[in-house]
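Report on the structure given below.
Number of protein chains: 2
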Amino acid sequence: MAKQNTVFKDAYNRCLKVLAETSSLPSEPELGQALGVSRTTVRAILGRFEEAKLITWDKRKKIVLRQPQPDDYFPTEETDSLAEIIERSFMRRILAGGAEPGMQINELELAREIGTGTTSVREFLIRFSRFGLIEKRPNSHWILKGFTREFALELTEVREMFELRSAASFVALPDSHSAWQELSRIEAMHHEILADIDNRYKEFSELDERFHLLVHKSSSNRFIVDFYDIISIVFHYHYQWNKTNARQRNARALEEHLAYIEALRSHDAKRAEEACRRHLHSARETLLQSIP
Amino acid sequence: MAKQNTVFKDAYNRCLKVLAETSSLPSEPELGQALGVSRTTVRAILGRFEEAKLITWDKRKKIVLRQPQPDDYFPTEETDSLAEIIERSFMRRILAGGAEPGMQINELELAREIGTGTTSVREFLIRFSRFGLIEKRPNSHWILKGFTREFALELTEVREMFELRSAASFVALPDSHSAWQELSRIEAMHHEILADIDNRYKEFSELDERFHLLVHKSSSNRFIVDFYDIISIVFHYHYQWNKTNARQRNARALEEHLAYIEALRSHDAKRAEEACRRHLHSARETLLQSIP
DNA sequence: AATCTGTCTATTGTGGATAAAAGACAAATA
DNA sequence: TATTTGTCTTTTATCCACAATAGACAGATT
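Chains as they are written, first to last, in the numbering used here: chain U, 1 to 292; chain W, 1001 to 1292.
Here it is, written out as structure tokens:
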């Protein structure tokens, strides 16, 4: 196997949804645009649609013959890119316990366990190393530095520096900047979720990322924005494997966000700084509590 | 070719120097320790020494037969690791002109140009991407973001945040901390170079890195320390290809360092902050001046 | 008893091959 | 004229193979 055709499979599934809502499909370039893939892939999808008797395809005429059934879709396991699979598998190992700091990481073993070639694992580890959780010994193994208390403290220290700086930029943004609209949308989502917190508290994680990324982006500094990747991945997996008091924790964070958002809106740097500091402080506590 | 034997060649050259100063070589593990390589490599070196009639080797007896001649050494081009070669080649392309922002980077083309496989180039690009100068479009090319004025400003903004924070940690270090001794050594080097600035100004670059890295390390924060890699590589290549007024610039920076060092020694956070700020400000100006 | 050497195995670094995906260009169509 | 399609070429993502290097262990040596 050379390349996984996950791009094809994922686009195929998404294209089935487009198909379900129309009687004839648009042009190839248009479909490519909509699905975010090249025409080559679009044509492969159309070819397969034809084989599956989902459409007839003659040049510009792509007529829908029938509605897609559940088993027309590729199973979701097959649509994840290899990088995603490796990441998940690896994060489970190191965050969900059983991995002591100082442990050696073996490319070959990891590859075998995941059922993939070493090159992909290797590339993943190189990419992942910027998160500061592993370290390479050239010509030898990788070392797991572990998701420790020190790691969390170092991470949050930088996070606080960056977010305070970003919040200061945010309040200085002109009213015409699109960030204010996005901020309003995010604020509205907060109210929606809070109104039905018992059922929707799980949506917090995604909203949290969206909000903080918006703030970081206003720094207009690629290093600050890129650093948010680290925060993002840590909190993402952290939320996923640490569900104690999730409802209560999330409710509190939502309230803090609302205060923070209001402070940003005031254009008052001092107020924004205080609200930011307060929220980041409690976010840090939450993170630390989950580390033994 | 599977793996370059640069580790062997480099260790071989260094081992020749050990050999030049003794009449019989120490044990294999001891040599491995001294050279920073495994016993396997040490044994390969000893075997080659024997072939070259540099020593006789019988178990623990490794008797030196003759002094190494210049042509016993491997040429230096052969001792650089592939990663170093790729890095240099790539940095020359993007810093030494001819590379417009927005340009596409082609793995295959780069590999051919450097005379290496695509895997190595690819891994280099992944590692390098954390420096914020290039960006990946999955399933497609890389994009050169370029060594622009924005890049320099974003870089120095974060640098200033981090170094100010580190300097504040530094003044709080207990007198017993080894950093104070290293600081004294660095200070002494400054005086030495300044005393003979016309001949030795080129040594500044290395000393500069050593000094700032020491400061960053006192933050005890892996993200701050790791970030110094970016500063380091940028200034390293920048110094190399931009020699206008080098003597004068370096002399000024050395003076600023000395003031900065004295301020750190005073344990006065306020003074240290001022000295740090002053130096970083002029470092930024220097960097910006060299960008069109 | 501690260290060293001989031997063997396991893992990393790197080039090469190949399917998937992107993309270029000219002819066809509306 | 502006898109769209058919066809072809180029490039990336991935696996595999193999030499270089690291590392483990038992027996030899001091």
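Every residue gets a Cβ at the ideal spot worked out from N, C-alpha and C, and that includes glycine. Since the model is a prediction, treat every value here as computed from it, not as a measurement.
What does W/E1123 reach in chain U if we use C-beta pairs closer than 8 Å? Chain U residues near W/E1123: R122, E123 and I126.
Counting only the same chain and skipping the five closest in sequence on each side, list residues whose C-beta sits under 6 Å from that of W/F1151. In its own chain, leaving out the 5 sequence neighbours on each side, no residue places its CB closer than 6 Å to the CB of W/F1151.
Short of 6 Å in beta carbon distance, which residues of its chain neighbour U/I143, apart from the five on each side in sequence? Order them along the chain. Cβ neighbours of U/I143 beyond the five flanking positions: E135.
Between which two residues does the beta strand (DSSP E) containing W/E1056 stretch? Note on residue identity: the sequence assigns Thr, not Glu, to residue 1056 of chain W. Per DSSP, the continuous beta strand (DSSP E) segment holding W/T1056 begins and ends at I1055 to D1058.
Top-ranked residue by Cα proximity to U/M189, from U/I114, U/R159, U/F211 and U/I230: Among U/I114, U/R159, U/F211 and U/I230, the Cα nearest to that of U/M189 is on U/F211.
Return the chain-ordered list of same chain residues with a C-beta closer than 6 Å to the C-beta of U/R247, the five sequence neighbours on each side being excluded. Counting only Cβ-Cβ distances below 6 Å, and skipping sequence neighbours, we find Y201.
Between the C-alpha atoms of W/R1249 and W/F1235, what's the straight-line distance to the nearest angstrom? So the alpha carbons of these two residues sit roughly 13 Å apart.
How big is the Cα-Cα spacing for U/H216 and W/I1231? Cα to Cα, U/H216 sits roughly 21 Å from W/I1231.
Residue-level contact to chain W via CB, U/E157, 9 Å cutoff: It does: the Cβ of U/E157 has a partner Cβ on chain W nearer than 9 Å.
Using 9 Å as the limit for Cβ to Cβ distance, is W/N1139 near chain U? Yes - at least one Cβ of chain U is within 9 Å of the one on W/N1139.
Of the choices W/R1252, W/L1164, W/T1244 and W/P1068, whose alpha-carbon is the least far from that of W/Q1289? When only C-alpha atoms are compared, the closest one is W/T1244.
Exposed or buried, U/T40, counting other C-beta atoms within 10 Å across all chains shown (16 or more means buried)? Exposed, because fewer than 16 other Cβ atoms sit within 10 Å of the Cβ of U/T40.
Output needed for W/Y1012: all residues of its chain with C-beta closer than 7 Å, excluding positions within five of it in sequence on either side, in chain order. By the criterion of a C-beta distance shorter than 7 Å, W/Y1012 is surrounded in its chain by I1045, R1048 and F1074, once the five residues flanking it on both sides are discounted.
Does U/S218 get closer than 9 Å to chain W when you measure Cβ to Cβ? It does not: the Cβ of U/S218 has no partner Cβ on chain W nearer than 9 Å.
Leaving out the 5 sequence neighbours to the left and right, which residues in its chain are closer than 7 Å to W/N1106 when beta-carbon positions are compared? Excluding positions up to five away in sequence, the list reads H1141.
Scan the segment 1082-1146 of chain W and note each continuous alpha helix (DSSP H) run of 4 residues or more that stays entirely inside, going in chain order. Counting whole runs of 4 or more residues, the segment 1082-1146 of chain W contains the alpha helix (DSSP H) stretches 1082-1095, 1107-1114 and 1118-1128.
Comparing the C-beta of W/M1103 with each C-beta of chain U, is any distance below 9 Å? Taking 9 Å as the CB threshold, W/M1103 stays off the interface with chain U.
Applying a beta-carbon distance threshold of less than 7 Å, which residues of chain U neighbour W/G1132? Correct list: R222, F223 and D226.
CA-to-CA distance, W/I1224 to W/L1309, given in whole angstroms: The question about residue 1309 of chain W has no answer here: the residues shown for chain W are numbered 1001 through 1292.
Cβ distance (whole Å) where U/R278 is taken to contact U/E256 below 8 Å: Contact between U/R278 and U/E256 holds, since their C-beta atoms are separated by about 6 Å, short of 8 Å.
Is the CB of W/M1001 under 9 Å away from at least one CB in chain U? By this cut-off, W/M1001 is not an interface position.
Considering only the beta carbon of each residue, do U/D186 and U/M91 sit closer than 9 Å? Looking at the sequence shown, residue 186 of chain U is not Asp but Ile. Taking 9 Å as the Cβ cut-off, U/I186 and U/M91 do not qualify as a contacting pair.
According to DSSP, is W/S1184 part of a helix, a strand, or is it coil? DSSP places W/S1184 in helix when its eight states are reduced to three.
Suppose the cutoff is 6 Å on Cβ atoms and the five residues either side in sequence are ignored; what does the same chain contact list for U/I193 look like? The answer, listed in chain order, is R200 and E203.
Counting only C-beta atoms, is W/E1154 closer than 9 Å to chain U at any point? So yes, W/E1154 belongs to the interface.
Please classify U/S27 as buried or exposed, where buried requires at least 16 neighbouring CB atoms within 10 angstroms. Exposed, since its Cβ has fewer than 16 Cβ neighbours within 10 Å.
Give the secondary structure of U/V215 by DSSP, where H, G and I count as helix, E and B as strand, and everything else as coil. In the three-state DSSP reduction, U/V215 falls in the helix class (H, G or I).
Opening and closing residue of the beta strand (DSSP E) in which U/I63 lies: Per DSSP, U/I63 belongs to the beta strand (DSSP E) from K61 to V64.
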